[in-house]
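Comments concern the structure below.
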Amino acid sequence: MAASIVPTLALLASSAAALSAPTSSAAALSAPPASATIASINPCPRRQLLTYVAHTGGGKVSGGEVLAKREDSEWLTVGRIAAADDTFEALSAAAARQERLIAEHATRLYTELRRKPGDGSPPIELGLRIDDDVVAVPAPMRRDFVDAATMTAGGFRGFPKKAGGSDMYAQYDLGEDVYGLPYDRAAVRAELARLVEGDAVVVFGWSSCFFCVDAEQKLRDADVPFRAVHVDLWRRSPDVWHDADADDSGSGAARAAKNVRKATNPLQAELALLTGRCSVPVVFVKGELLAAGDDDAHGKVDDALASGDIAIALAGNAPWTAPPGWAPPPATRTCRVCREKYSDATNGDRSCCYHPGSLRGESARKGDWDDAAQGRPTASGDGGELVWTYSCCGQADGAPGCTYDRCRSYDDP
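The sequence shown runs -18 to -1, 1 to 395 under mature numbering (1 follows the signal peptide of the UniProt record, and there is no 0).
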């Protein structure tokens, strides 16, 4: 059980001051840190806007203005970044981790920063505005996969390319009050604790997310009662934090507002800081978080149901009686060749069936092309349509594989 469900209510009950004590930017911004930060290979714009909201809307930090340039060009404003505090060390580390996201947004805003691939141009430099000066941010040592919890330590809000446009940043700028910002961190965390404690199983997610819908359906199929909290429908109101009646009419304005709510709602912003990840669904079982390694929460619901972990948690300390014939499910992997699921116990020399060749298309006879183009009946009667076959064995598309081997996962060399 310990491997699947981890304690979380202690985090929800912790004081908001632990994450929300801002410092004076005038006194804190000083010399750059001695060591550079590893940058994330591909940070997600929506997730980083969510963590920006968490730090500025809930933590009440000011953040800092981030700029970009190439070589001797002028510094150009790209957006704002935020971290747990307003020190230069925290903000520069946040900028370095999000370096690719910020640089890509800079090229969208300014054509002069764009370069053709392989032209030998130096990379885009980032800087932070301090009073009337701009201090360069140390370049990251390398780009690497950075864990989700580390990425929640900083956030980025880009300036929109066009005021009043339809992109995420332009919609965000239409009015923070529309999305319940800024918000009372202590009150939101208290509401999260109330929601988590109110039902044995609580699923936080988006109403239109496949993974969330899939996880909810798996719980229904297993006859596990749960409460679904769709944070994309949440909106600010006097007494209700989660309002499923928020506008979901399908209009363009409703879709745009709903898209921004996914990246700005306080419930998910605080969940991101408390759980260390911005993805959904987030599943709680009796007040404890269902661990979702690799952001695959809906898959972990499958595992926890199949292994009996959820049943054990719901039963409390009472012994769990396995149904007749039940056995712990073997760990499964996905074969990178045939894409089928397999386990070490069942993997053999003929487990993977595939075609080593590629599909090729050709007509039944070459003259069919000219006949079909002129509207004449073709000799083969196929209308000049391509017939797809495998180059390795000549079998038609969809035929079973002609070669057998052991399954190999994506982790295997």
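Note that beta-carbon positions come from the ideal geometry of N, C-alpha and C, so glycine has one too.
Where residue i sits in the DSSP three-state scheme
i    : result
C335 : strand
S55  : coil
L91  : helix
V213 : helix
S289 : helix
F208 : coil
D155 : coil
F186 : strand
L73  : helix
E344 : strand
F192 : helix
V35  : helix
K323 : strand
I20  : coil
A50  : strand
V267 : strand
D203 : helix
G40  : helix
D284 : helix
V369 : strand
V170 : helix
G330 : coil
CB of residue i within 7 Å of CB of residue j, strictly
i    : j    : result
L58  : L110 : no
C389 : L32  : no
V48  : A77  : yes
R79  : G136 : yes
L163 : V211 : no
F247 : V213 : Before going further, note that residue 247 is Asn rather than Phe in the sequence given. The answer is yes: Cβ separation under 7 Å.
Y372 : G330 : no
L341 : D291 : no
Proximity winner among the options, relative to residue i (alpha-carbon distances)
i    : options                   : result
L253 : I23, A21, T19 and R29     : R29
F266 : C320, Y324, V319 and L201 : L201
A286 : V183, H212, M133 and T246 : V183
R125 : A169, E179, T328 and I23  : I23
E94  : V128, D68, V119 and D54   : D54
D113 : F70, G146, R342 and T316  : F70
E86  : R332, P25, S189 and A36   : P25
A131 : A50, V170 and A65         : A65
A91  : V35, Y151, M133 and D68   : This sequence places Leu at residue 91; Ala is not what is there. Among V35, Y151, M133 and D68, the Cα nearest to that of L91 is on Y151.
F208 : A168, G269, S190 and Q153 : G269
P120 : D129, A169, A50 and S289  : A50
D326 : S391, Q377, A295 and V319 : S391
A118 : D101, E56, R171 and V170  : E56
Residues of its chain near residue i, where Cβ-Cβ distance is below 6 Å and the 5 sequence neighbours each way are ignored
i    : result
D387 : C334
G383 : C335, Y336 and H337
R97  : S103
T89  : L95 and R96
A204 : L287
G187 : C194, V262 and P263
T38  : G45 and A64
R332 : Y386
A304 : Low per-residue confidence applies at A304: pLDDT is 48, beneath 50, and the placement is therefore not dependable, though the value from the model is reported in the following sentence. If we look at A304 and ignore the five residues flanking it on each side, it has no Cβ neighbours.
S245 : This sequence places Ala at residue 245; Ser is not what is there. R28, L31 and L32.
V170 : P248 and E252
Residues of its chain near residue i, where Cβ-Cβ distance is below 7 Å and the 5 sequence neighbours each way are ignored
i    : result
E344 : L368 and V369
A226 : Its pLDDT being 46, under 50, A226 is placed unreliably in this model, and the coordinates cannot settle the point.
T19  : A75, A78, R79 and P122
D284 : K200
D166 : none
P27  : L83 and M150
A297 : none
S189 : H212, D214 and L215
G376 : none
Cut-off 8 Å between Cβ atoms - residues of its own chain near residue i, not counting five sequence neighbours on either side
i           : result
L174        : L(-7), L249, E252, L253 and L256
T385        : C335, Y336, H337, P338 and C374
F127        : S22 and I23
D149        : P142 and K143
residue 396 : Since the first residue shown for the chain is -18 and the last is 395, residue 396 is missing from the structure and cannot be characterised.
C320        : C334, C335, Y336, G383 and C389
G180        : R209
Closer than 8 Å is the cut-off here; do at least three beta carbon pairs connect the segment 32 to 43 with the segment 101 to 110?
no
Can at least three beta-carbon pairs, one atom from the segment 60 to 69 and one from the segment 139 to 147, be found at a separation below 8 Å?
yes
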